[in-house]
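Chemist:
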Amino acid sequence: MRPRSLNAHTGNALALKNAIDEEIPPYAILSHTWGADTEEVTLEDLANGTGKDKPGYAKIRFCGEQARLDTLQYFWIDTCCIDKRSSAELSEAINSMYRWYQGANVCYAYLADVPSKTKFSGSKWFTRGWTLQELIAPSKVIFLDEEWNKLGTKTSLRQSVSDCTGIPGGVLSDSDSLENVSIAQRMSWAAKRKTTRLEDRAYCLMGIFGINMPLLYGEGERAFLRLQEEIMRISDDHSLFAWRSSDNRGGLLATSPDSFIGSHNIVGVVKD
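For the sequence shown, this note's numbering gives the first residue as -19, with consecutive numbering after it.
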């Protein structure tokens, strides 16, 4: 599946581009924390020419302006470039999300609750499940404050980002391959991060582990067990079992990423 995108060079009219049968052009991508569903602009809003009065429209407008400044014609935002009315499209999009962020020329990380750089590490953005892959996957991430002023990049703010996320600086700068980081350590980055739906605590990690699997909303914590089962199919790294919790309902498998909170220094364990 190739992502729809918004055209940043069509004046006030944001034109959707369907790239399914075409080569994907260079594009920017937005990472942000969602407001209430009623505040965000949807694909249906754009198709109907509505939604400009919603608070979320400001993110679309400013993202388009920033893309133009960066000489990019197209940009992508999850709230309005996926048809969430289609469960099939939503599932395919979530399974493709890591690749879409990885393929972007630049990712704008909008920190809506940060008035200045001094408040940078306290942003809600660093506590959400989905923003983990949105931080790791793109090679270039630009952080923007609540007024869309540039705070710095993933590279220039590497130490601050590493301190508040636990992600090694080498991973943030792409000098160390994500694949060389143990499963347990990658899981530890997701510990205590939150998602609106319980299942998304697992689904938001699929790209970080190179996993594709169907989405089954309603399965609850079973989603995280399925994720670990899929990881076992492709990896011999036994650090998957290096977790600690009083909850042993999953047997050898953890029931939540929180169980890996103390696993940030564990190296890969591969059986000979």
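Glycine is no exception: its CB is placed at the ideal position from the N, C-alpha and C atoms. No experiment lies behind these values; they were computed from the predicted model shown.
#1: Cutting at 7 Å between CB atoms, please list the residues of its own chain near Y81, excluding the five before and the five after it.
#2: Between R(-16) and E3, what straight-line distance do the alpha-carbon atoms span, to the nearest angstrom?
#3: Mapping DSSP to helix, strand and coil, what is C184?
#4: Between T133 and A27, what straight-line distance do the alpha-carbon atoms span, to the nearest angstrom?
#5: Classify E179: buried if its beta carbon has 16 or more other beta carbons within 10 angstroms, exposed otherwise.
#6: Less than 7 Å between C-beta atoms, sequence neighbours within five positions excluded: which residues of the same chain meet that for C184?
#7: Please work out which residues of its chain come closer than 7 Å, Cβ to Cβ, to Y7, disregarding the five sequence neighbours upstream and downstream, and give them in chain order.
#8: Over the uninterrupted beta strand (DSSP E) stretch that includes G102, give me the two end residues.
#9: Where are the beta strand (DSSP E) runs, 3 residues long or more, that stay fully inside the segment 205 to 237, in chain order?
#10: With a threshold of 6 Å on Cβ separation, who are the neighbours of L23 within its own chain once the five nearest residues in sequence on each side are excluded?
#11: Based on the DSSP secondary-structure assignment, which residues constitute the bridge partners of F123?
#12: If you count every other CB in all the chains shown that lies within 10 Å of the CB of Q208, and 16 or more means buried, which is it?
#13: Output needed for S226: all residues of its chain with C-beta closer than 8 Å, excluding positions within five of it in sequence on either side, in chain order.
#14: From which residue to which residue does the beta strand (DSSP E) around S(-15) run?
#15: Could you work out which residue in L195, S153, S103, D216 is closest to G248 when comparing CA atoms only?
#16: Based on the DSSP output, what are the partners of S11 in its beta bridges?
Modeler: Inspection of the coordinates gives the following:
#1: Only I9, C87, Q113, E114, A117, P118 meet the Cβ criterion.
#2: Whole-angstrom Cα-Cα distance: 12 Å.
#3: When DSSP states are grouped into helix, strand and coil, C184 belongs to the coil group.
#4: Between T133 and A27, the C-alpha separation is close to 33 Å.
#5: E179 should be labelled buried.
#6: Same-chain partners within the cutoff: G109, W110, L112, Q113, T175.
#7: The answer, listed in chain order, is S(-15), L52, Y54, F55, W56, A84, N85.
#8: No beta strand (DSSP E) holds G102; DSSP gives it neither H nor E.
#9: Note on the segment 205 to 237: there is no whole beta strand (DSSP E) run with a minimum of 3 residues.
#10: Around L23: C60, D63.
#11: A89, G132, per the DSSP bridge assignment.
#12: Q208 sits buried, since 16 or more C-beta atoms from the chains shown fall within 10 Å of its C-beta.
#13: For S226, where only same-chain residues beyond five positions count, there are no Cβ hits under 8 Å.
#14: Counting along the chain, the unbroken beta strand (DSSP E) around S(-15) starts and ends at -16 to -13.
#15: Comparing alpha carbon positions, the residue from L195, S153, S103, D216 closest to G248 is D216.
#16: Paired residues: A89.
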